[in-house]
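Those letters in the sequence shown? Residues -20 to -1, 1 to 167, per mature numbering (1 follows the signal peptide of the UniProt record, and there is no 0), in order. Report on the following structure.
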Amino acid sequence: MSRWLLLSLLLLVGCSAAPAARPSTSDPPAAATDVMFLQMLLPHHRQGVELAGLGRTRGTRTDLTLLAAAIESTQRDEVETMSGWLREAGAPETAPPATDGADPHAAHGGLPGTSAVEIAALHASTGTEFERRFLTTMMSHQGDAIRLAKMELASGKDPRIRAFATRIELSRVAQLEQMQHLLDTAT
């Protein structure tokens, strides 16, 4: 078994073995910065689940499909956790639109995500082209998650959500390394 396949399997087991802590009603409500982080990361993660699902179902390399399955599973669990924290805080899953029609996330660079054009190109591709496009798209997507996590770590207040952001950053860095290796070894 290749080192990367083993690492992918360990990632899958490790990520699903210890899901993020579920919200507790005894914990203090999240600060505005924490809520904003969750509201930005939640749709980003939902899109990540969609992308990873494509990699899992359309990839032809076992190492790629295992990694995609691990990402999909992890992000599904993380979506559930974030939704719970937002419910606990009494906050909607997305930021309400600004009264002046401006993007509520514009002040901090906007809501990162993969464009509809990129997703359409991924759907339209097959074989090796699909795998290369999937890896580069997912690498960019996970890089956005790292940037969001760093924003939370710089300004967030809730220790649970800051710990969650740390896990996001560390796991996505490891995923980027795996995806780069898969890209480097693609035929």
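Beta carbons are placed, not taken as given, at the ideal position from N, Cα and C, and that holds for glycine. All of these numbers come straight from a predicted model, not from anything done at the bench.
Residue i to residue j span [Cα, whole Å]
| i | j | result |
| --- | --- | --- |
| residue 110 | residue 137 | 40 Å |
| residue 35 | residue 54 | 14 Å |
| residue 130 | residue 39 | 30 Å |
| residue 94 | residue 26 | 11 Å |
| residue 152 | residue 45 | 17 Å |
| residue 157 | residue 149 | 13 Å |
| residue 72 | residue 11 | 14 Å |
| residue 56 | residue 29 | 7 Å |
| residue 114 | residue 163 | 10 Å |
| residue 121 | residue 77 | 24 Å |
| residue 103 | residue 116 | 14 Å |
| residue 18 | residue 100 | 26 Å |
| residue 135 | residue 144 | 14 Å |
| residue 132 | residue 75 | 16 Å |
| residue 15 | residue 146 | 16 Å |
| residue 85 | residue 47 | Only weak support exists for where residue 85 lies, its pLDDT of 48 falling under 50; the value from the coordinates is given anyway. Taking the straight line from one Cα to the other gives about 31 Å. |
Buried or exposed (CB count within 10 angstroms, at least 16 for buried), residue i
| i | result |
| --- | --- |
| residue 106 | exposed |
| residue 32 | buried |
| residue 52 | buried |
| residue 171 | Here the chain covers residues -20 to 167 and nothing more, so residue 171 does not appear. |
| residue 70 | exposed |
| residue 97 | exposed |
| residue 43 | buried |
| residue 108 | exposed |
| residue 160 | exposed |
| residue 166 | exposed |
Measuring CB atoms only, is the region 53 to 64 touching the region 20 to 27, in the sense that at least three cross pairs come out at less than 8 Å? yes
Just to confirm the assignment: which complete alpha helix (DSSP H) runs, minimum length 4, are found wholly within the region 83 to 163? 96 to 104 and 107 to 135
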